[in-house]
Amino acid sequence: MSKALEGVRILDMTHVQSGPTCTQLLAWFGADVIKVERPGTGDATRGQLRDIPDVDSLYFTMLNHNKRGITLNTKSKSGKEIFEKLIKYCDVMVENFAPGALDRMGFSWERIQALNPRMIYASVKGFGPGPFQDCKVYENVAQCIGGAASTTGMIGDVPLVSGAQIGDSGTGMNLALGIVTALFHRTHSGKGQRVECAMQDGVLNLCRVKLRDQQRLAHGPLTEYPQYPNGEFGAAAPRAGNSSGGGQPGWIVKCKGWENDPDAYSYVIAQAGAFPALAKVIGHEDWLEDPQWNTPKARLPKLEEMFGEIEKWTMTKTKFEVMDILNPLNVPCGPILSMKEIAEEPSLRKTGTIVEVDHPERGKYLSVGNPIKLSDSPTDVTRSPFLGEHTDTVLGEIGMSDEQIAEARAAGAV
Ligand code: CAO
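Using numbering that gives the first Met the number 0, the first residue of the sequence shown is number 0, and each one after it goes up by one.
Shown next as structure tokens:
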């Protein structure tokens, strides 16, 4: 079986998380990803949050699978010459340095196009063009500037960032889509193009429903928000606690064992069609005849009370029992799964969503596999490269002799 992106060569200048998630995806689809790192130090994440001394961190290994690794000082004279050869050798260049870093090295988009007109040049930055275009940005900053933090959290409490890396891994996904789209375009245009993704845009794209709510505010209160009917709505779309972002009310309720287990909770959605079954199972058949309860509109001002009654019932069941009972009744619900439970879930191992990878220095560890499954192009997750592991091989591929490689090494370029 051939891999979907076999034959595509990626010059991977990425570091930390956002860029590496993009190139890892492309590598999983079969692209030859050549990760370029600074000699001696490499990607800073190799050494960050280490769990085992002197061994590449999980932070690094889990973001750089299936890649080859070379070292190159792109600021040195001979390093720049090698970099030029690599630009001519590859189809795509990906980077997520601070704004302007590649230009400062002497590699503007114009120069790259001149070197290789078929090159697709893809970048992640914190902001797009505008007043903040020169700022450095990390995940949590992206969540703040993209509207996620302002709209996440409990009512009346501080803004909250999510554990989901929507700024980094989310933007990496966008960039990967931009790259394969540009590759497709190149099949008939014959030309490369620039692909730019701002983390602010990526987060905002995932907060679409909140911009929807911002505009709905002009026409009255947001009736599905916990603030309705007694709370206040200000000028901006507010935090909504755990209420559902859609048209069906939902909330997180306690389940049996919640006193000792921080994850003994379930999300329950009181979807209109399944409401009679839900009411019956929690012992509130009376609601079905009561005009105060038996329409979605009548229930809207009483959602807190309704979920309170649902919770009285869920507290008598484990989160998995709640799932077992409510699913056959077509009540959408889901247990709050801990990372431990997810890591141990056999079905996720089977699908390759959680994979065990072997690493010569750290031994076996778990990683998150490819979330996108292609029928003719399955993903095999292989370990990340050591710093400079493939330098000699790749420099040989671009036509450098052993002697020239030795010279580059002596000059500190690799
Ligand atoms: N050879 C020579 N120099 C190299 C090199 C190499 N192989 N690789 C990197 N460098 C240089 C860069 O050119 C840059 O030099 P200048 O400052 O002189 O231009 C320098 O190393 C540092 O790069 P940086 O500014 O990108 O790194 P940082 O740690 O200060 O900032 C980050 C990190 C992530 C905040 C910044 O890169 C950024 O804002 N990136 C864009 C947004 C992004 O992707 N953020 C997500 C990161 S994951 O949370």
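Think of the CB as a built atom: it goes at the ideal place given N, C-alpha and C, for glycine as much as any other residue. Please read these numbers as outputs of a predicted model, since none were measured by experiment.
Check this for me: beta carbons of residue i and residue j, under 8 Å apart or not?
i: P248; j: F232; result: no
i: T150; j: K209; result: yes
i: I251; j: Y266; result: yes
i: G125; j: A197; result: yes
i: M174; j: V123; result: According to the sequence displayed, residue 174 carries Leu and not Met. Yes, these two residues count as a Cβ contact at 8 Å.
i: I178; j: V202; result: no
i: A276; j: L328; result: yes
i: R45; j: L386; result: yes
i: D200; j: G129; result: no
i: D11; j: K79; result: no
i: T352; j: G368; result: yes
i: V330; j: A271; result: no
i: D55; j: S383; result: yes
i: M172; j: S366; result: no
From residue i to residue j, what distance separates their C-alpha atoms?
i: E303; j: P225; result: 7 Å
i: I335; j: D323; result: 14 Å
i: T433; j: V413; result: Shown here, the chain extends from 0 to 413; a query on residue 433 therefore has no answer.
i: H64; j: N139; result: 24 Å
i: S1; j: D50; result: 36 Å
i: I404; j: G362; result: 32 Å
i: G307; j: M314; result: 10 Å
i: F59; j: A148; result: 26 Å
i: H389; j: D133; result: 33 Å
i: V321; j: P19; result: 39 Å
i: S168; j: K279; result: 42 Å
i: K84; j: L24; result: 25 Å
i: Q214; j: N229; result: 21 Å
i: S337; j: A43; result: 29 Å
i: A30; j: R110; result: 24 Å
i: S77; j: G6; result: 27 Å
i: I144; j: T13; result: 22 Å
i: L287; j: A297; result: 12 Å
i: I165; j: N204; result: 10 Å
i: A3; j: R238; result: 42 Å
i: C89; j: V393; result: 11 Å
i: I86; j: L114; result: 7 Å
i: V160; j: S242; result: 16 Å
i: W312; j: K253; result: 9 Å
i: Q112; j: K190; result: 9 Å
i: W292; j: F319; result: 28 Å
i: K74; j: G245; result: 50 Å
i: L373; j: D379; result: 12 Å
i: D212; j: G146; result: 12 Å
i: E344; j: T222; result: 38 Å
i: M431; j: T317; result: Nothing about residue 431 can be reported from this structure: the residues present for the chain run from 0 to 413 only.
i: G41; j: G105; result: 20 Å
i: I81; j: S376; result: 32 Å
i: P370; j: A409; result: 42 Å
From the options, pick the residue whose C-alpha is nearest to that of residue i; which is it?
i: E310; options: P116, G282, P300; result: G282
i: E94; options: I33, G307, I353, M61; result: I33
i: S188; options: Y137, D156, I119, G169; result: I119
i: E396; options: A3, H184, R8; result: R8
i: D357; options: L373, T381, E343; result: T381
i: N326; options: I268, G244, T378; result: I268
i: V91; options: M305, Q192, Q164; result: Q192
i: V157; options: R117, G240, C254, W257; result: G240
i: A97; options: S56, D55, S161, S17; result: S17
i: V15; options: A26, P52, L57; result: L57
i: E340; options: A263, T294, E402, R408; result: A263
How would you write the range of the alpha helix (DSSP H) that residue i sits in, first residue to last?
i: Y264; result: Unbroken run through Y264 is the beta strand (DSSP E), 264-268; no alpha helix (DSSP H).
i: E308; result: 302-313
i: I341; result: 338-343
i: L48; result: L48 -> no alpha helix (DSSP H), and no H or E assigned at all.
i: Q185; result: Here residue 185 is Arg; the residue named in the question, Gln, does not match the sequence. 167-188 is the extent of the alpha helix (DSSP H) around R185.
i: G395; result: 390-396
i: N139; result: 138-144
i: G78; result: 76-88
i: E320; result: 318-325
i: V208; result: 207-215
i: F59; result: 57-60
i: F274; result: 274-280
For residue i, write down the residues that DSSP places opposite it in a beta bridge.
i: W250; result: V267
i: E355; result: L365
i: S122; result: E94, E195
i: T70; result: E36
i: G333; result: Y266
i: R8; result: D31
How far does the beta strand (DSSP E) with residue i in it extend, from its first residue to its last?
i: I33; result: 31-36
i: R117; result: Run containing R117: none; DSSP gives neither H nor E here.
i: D401; result: No beta strand (DSSP E) contains D401, which is instead part of the alpha helix (DSSP H) from 401-409.
Quick one: is residue i near chain D, going by C-beta distance under 8 Å?
i: V179; result: In the structure shown, chain D does not exist; there is a single protein chain.
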